[in-house]
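J.:
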Amino acid sequence: GAVVSQHPSWVICKSGTSVKIECRSLDFQATTMFWYRQFPKQSLMLMATSNEGSKATYEQGVEKDKFLINHASLTLSTLTVTSAHPEDSSFYICSARLAEPLDTQYFGPGTRLTVL
Amino acid sequence: QKEVEQNSGPLSVPEGAIASLNCTYSDRGSQSFFWYRQYSGKSPELIMSIYSNGDKEDGRFTAQLNKASQYVSLLIRDSQPSDSATYLCAVNRGSNYKLTFGKGTLLTVNP
Numbered sequence: 019g020a021v022v023s024q025h026p027s028w029v030i031c032k033s034g035t036s037v038k039i040e041c042r043s044l045d046f047q048a049t050t051m052f053w054y055r056q057f058p059k060q061s062l063m064l065m066a067t068s069n070e071g072s073k074a075t076y077e078q079g080v081e082k083d084k085f086l087i088n089h090a091s092l093t094l095s096t097l098t099v100t101s102a103h104p105e106d107s108s109f110y111i112c113s114a115r116l117a118e119p120l121d122t123q124y125f126g127p128g129t130r131l132t133v134l
Numbered sequence: 005q006k007e008v009e010q011n012s013g014p015l016s017v018p019e020g021a022i023a024s025l026n027c028t029y030s031d032r033g034s035q036s037f038f039w040y041r042q043y044s045g046k047s048p049e050l051i052m053s054i055y056s057n058g059d060k061e062d063g064r065f066t067a068q069l070n071k072a073s074q075y076v077s078l079l080i081r082d083s084q085p086s087d088s089a090t091y092l093c094a095v096n097r098g099s100n101y102k103l104t105f106g107k108g109t110l111l112t113v114n115p
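Protein chains in written order, with the working numbering: chain A, 19 to 134; chain B, 5 to 115.
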């Protein structure tokens, strides 16, 4: 149980285009999902908290207009990187919060974004 | 003081040995504690969670929590080369459900 999927697993795009990444909780409902970014050999960096039916909460320094988050259902959150640039190339990972029986986060497999 | 601290390693142990990974945290209000394993190029995978003082065992893994001393540890018995990975300690500090991660300890198990 507690499986989280992401799609796509990798994507290559041209500078200036937008890319949408989906995060799904497959066997449980997640009112809260999280989006992280990880650069090579660095720690996970929390970008934002996604709550079903409400606006996402972004961490300090993360541009909300660049990283659009939509949590339209209890099993799906999407991250759209708008007008992507090479510096946005990174490993994007989502996690979903399973509230019961004990509050735990499960991670998706990640999406590797390369912007040319 | 960093919120969650781990030795970055690398920690190198021979196959079959016990690997001991340690983590300290600064917020006494922390509620729950997690160990995630992350292979190079992959996302974190939950290994253990612990919520109350004492030991919790799951197969070859034992998590230990001491809230008074603000540390949590992970023991891996009979270490295998497949255990070679970065181990992330994570702490949930309360109602916003966010996890605070340590920088991770790189474990290498030598055949």
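Idealized CB from N, CA, C, for every residue including glycine.
Quick caveat, the model's predicted, so the values are computed rather than measured.
1) Taking 7 Å as the threshold (C-beta atoms), are residue 97 (chain A) and residue 53 (chain A) in contact?
2) If you draw a straight line from the C-alpha of residue 25 (chain B) to the C-alpha of residue 16 (chain B), how long is it?
3) Quick check on DSSP: helix, strand or coil for residue 40 (chain A)?
4) Any chance you could list the beta strand (DSSP E) runs of at least 3 consecutive residues sitting entirely within the segment 44-78 of chain A, in chain order?
5) What residues from chain A crowd round residue 56 (chain B), counting only those whose CB sits closer than 8 Å?
6) So which of A:115, A:128 and A:121 has the shortest CA-CA distance to residue 49 (chain A)?
7) Would you say residue 132 (chain A) and residue 107 (chain A) are within 7 Å of each other, going by their C-beta atoms?
8) Is the Cβ-Cβ distance between residue 126 (chain A) and residue 47 (chain A) less than 7 Å?
9) Given 8 Å as the limit, is there contact between the segment 30-41 of chain A and the segment 63-75 of chain B, that is, 3 or more CB pairs closer than that?
10) So, are the CB atoms of residue 54 (chain B) and residue 67 (chain B) less than 7 Å apart?
11) Identify the contact partners of residue 105 (chain B) in chain A, using a Cβ-Cβ distance below 8 Å as the criterion.
12) Under a three-way DSSP split, which group does residue 104 (chain A) fall into?
13) How far does the beta strand (DSSP E) with residue 36 (chain B) in it reach, from first residue to last?
14) At 9 Å on the CB atoms, spell out the chain A contacts of residue 50 (chain B), in chain order.
15) Below 9 Å on C-beta distance, what does residue 55 (chain A) contact in chain B?
16) Tell me, please, whether the CB atom of residue 53 (chain B) is closer than 7 Å to any CB atom in chain A?
T.: Checking against the coordinates, here is how it stands:
1) On the first sequence, residue 53 (chain A) is found 35 positions in, with the first residue counted as 1. On the first sequence, residue 97 (chain A) is found 79 positions in, with the first residue counted as 1. For residue 53 (chain A) and residue 97 (chain A), yes; Cβs fall inside 7 Å.
2) Position 21 of the second sequence holds residue 25 (chain B). Position 12 of the second sequence holds residue 16 (chain B). Near 11 Å, if we compare the C-alpha coordinates of residue 16 (chain B) and residue 25 (chain B).
3) Against the first sequence, residue 40 (chain A) aligns to sequence position 22. Strand at residue 40 (chain A).
4) 50-56 and 63-69
5) Here residue 56 (chain B) is taken as the residue at index 52 of the second sequence, counted from 1. Result: empty, since nearest Cβ-Cβ is about 11 Å, beyond 8 Å.
6) Indexing the first sequence from 1 puts residue 49 (chain A) at position 31. Nearest option by C-alpha distance: A:115.
7) Taking the first residue of the first sequence as 1, we reach residue 132 (chain A) at position 114. Taking the first residue of the first sequence as 1, we reach residue 107 (chain A) at position 89. Cβ distance < 7 Å, so residue 132 (chain A) and residue 107 (chain A) count as in contact.
8) As a first step, residue 126 (chain A) is located in the first sequence; it is residue number 108 there, counting from the start. As a first step, residue 47 (chain A) is located in the first sequence; it is residue number 29 there, counting from the start. Contact: no.
9) no
10) For this step, residue 54 (chain B) is matched to residue 50 along the second sequence. For this step, residue 67 (chain B) is matched to residue 63 along the second sequence. Yes, the pair counts as a contact, with Cβ atoms nearer than the cut-off.
11) For the purposes of this step, residue 105 (chain B) is taken as the residue at position 101 of the second sequence. Result: 61 and 62.
12) For the purposes of this step, residue 104 (chain A) is identified with residue 86 of the first sequence, where counting begins at 1. Looking at residue 104 (chain A) - three-state DSSP - the assignment turns out to be helix.
13) Here residue 36 (chain B) refers to the residue found at position 32 when the second sequence is read from its first residue. Note, residue 36 (chain B): beta strand (DSSP E), 36-42.
14) Translated into positions along the second sequence, residue 50 (chain B) becomes position 46. Near residue 50 (chain B) (Cβ distances below 9 Å), the residues of chain A are 20, 122, 123, 124 and 125.
15) One-based indexing of the first sequence puts residue 55 (chain A) at position 37. By Cβ distance, chain B contributes nothing, its closest Cβ being about 12 Å from residue 55 (chain A), past 9 Å.
16) Within the second sequence, residue 53 (chain B) is the residue found at index 49, counting from 1. Chain A, which has a Cβ nearer than 7 Å to the Cβ of residue 53 (chain B), makes this yes.
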